[in-house]
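Novice: For my numbering, count along the sequence shown from 1 and bump the result up by 77.
This structure is in structure tokens; I'll ask about it shortly.
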Amino acid sequence: MSRGPLFLHGWGLSGAVWTQAVERLGGSALDLPGYGATPDVSPHLAEALADAVAASIEQPRDLVGWSMGGMVALALAARHPDKVARLVLVGATPTFVATADWPHGMAPEVLAEFARSLATDYRATLSRFLSLQARGGDAAREVIGRLREHLRAQTEPSPTTLAAGLELLRAVDLRDRVGRVTCPTLLVHGAHDTLCPAAAAVWLAERLPRARLALHERAAHAPFLSHPDWFAATLGDFLHG
């Protein structure tokens, strides 16, 4: 049925961010459309990215998505349930930006400022966005350093792809899709996540039909980097238990 989990990365990075997890858990990491050698898609929306990833899956896979990749994975599981055996959402949310009826997101003016600065200095903007991913959790400096290493080593996505990704984050709202996700789902989240607050994972856990939440009290947005042993054990129990 499966050749091991398929890992999806977040905004601005590539599948290489999953190298350590793949080494420990098996499977493979995919560069999302617009990253690495993967052609971009238009419109650059969660649904279109999900369709592109689904087209590359020949048989049901365990799908692990982090941050923006988690939104793509959630959309994929809702749109193509025959492609997903089990779903793992890491630091994920159905709606990235806070609205009147969704308090569990980033302030829209903060994301708008990232979009403005991206146009003038996208490398500095990427670096600043990465620093938010570790803030407040254990090993913050080490995690930020590792994220920046991945950023320097990868083929840079185009400014157009990065801008389209920020627009995706601004507009995405998958709340009405969660009831369609019928596969077993694990929500992995850090209690100190400032990009996607843990309350978003709690919301998902209460509404996804077959979900459970694994919350690390000292992790931030990238628990697979800050707490790799816990992350590998948690996923291993879910995928192989």
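C-beta: ideal position from N, C-alpha, C; glycine also.
Closest to residue 161 by CA distance: which of 141, 169, 176 is it?
Specialist: 141
Novice: Residue 305 by DSSP, collapsed to three states: which one?
Specialist: helix
Novice: If you check the beta carbons only, do residue 87 and residue 179 fall under 8 Å apart?
Specialist: In this structure, residue 179 does not lie closer than 8 Å to residue 87 by Cβ.
Novice: Reducing DSSP to helix, strand and coil, say where residue 118 ends up.
Specialist: coil
Novice: Counting C-beta neighbours from all protein chains within 10 Å, is the total for residue 256 16 or more, i.e. buried, or is it exposed?
Specialist: exposed
Novice: Relative to the C-alpha of residue 218, which residue among 84, 118, 302, 109 is closest?
Specialist: Checked all of 84, 118, 302, 109; the closest Cα to residue 218 is 302.
Novice: Helix or strand or just coil, what does DSSP make of residue 310?
Specialist: helix
Novice: Please classify residue 187 as buried or exposed, where buried requires at least 16 neighbouring CB atoms within 10 angstroms.
Specialist: exposed
Novice: Flag this pair as yes or no: are the beta carbons of residue 326 and residue 298 separated by less than 8 Å?
Specialist: This structure cannot settle anything about residue 326, because the visible part of the chain is limited to 78 through 318.
Novice: Here's a check: name, in chain order, each residue in its chain whose Cβ is nearer than 6 Å to the Cβ of residue 91, leaving out the five neighbours to either side.
Specialist: 108, 112, 113, 231
Novice: Might you give, ordered along the chain, the residues of its own chain that have their beta carbon closer than 6 Å to the beta carbon of residue 316, omitting 5 neighbours on each side?
Specialist: Cβ within range, chain order: 139.
Novice: When you compare each of 116, 122, 127 to residue 83 by their alpha carbons, which one comes out closest?
Specialist: 127
Novice: Short of 7 Å in beta carbon distance, which residues of its chain neighbour residue 78, apart from the five on each side in sequence? Order them along the chain.
Specialist: In this prediction, residue 78 scores a pLDDT of 40, lower than 50, which makes its location untrustworthy; no coordinate-derived value is stated.
Novice: Let me know if residue 54 comes out buried or exposed under the rule of 16 or more other beta-carbons within 10 Å of its beta-carbon.
Specialist: An answer regarding residue 54 cannot be provided, because it is not within the stretch 78 to 318 covered by the chain.
Novice: Rounded to whole angstroms, what is the Cα-Cα separation between residue 81 and residue 260?
Specialist: 16 Å
Novice: Helix, strand or coil: how does DSSP classify residue 192 here?
Specialist: helix
Novice: Taking only the alpha-carbon atoms, compute the straight-line gap between residue 213 and residue 146 and give it to the nearest angstrom.
Specialist: 22 Å
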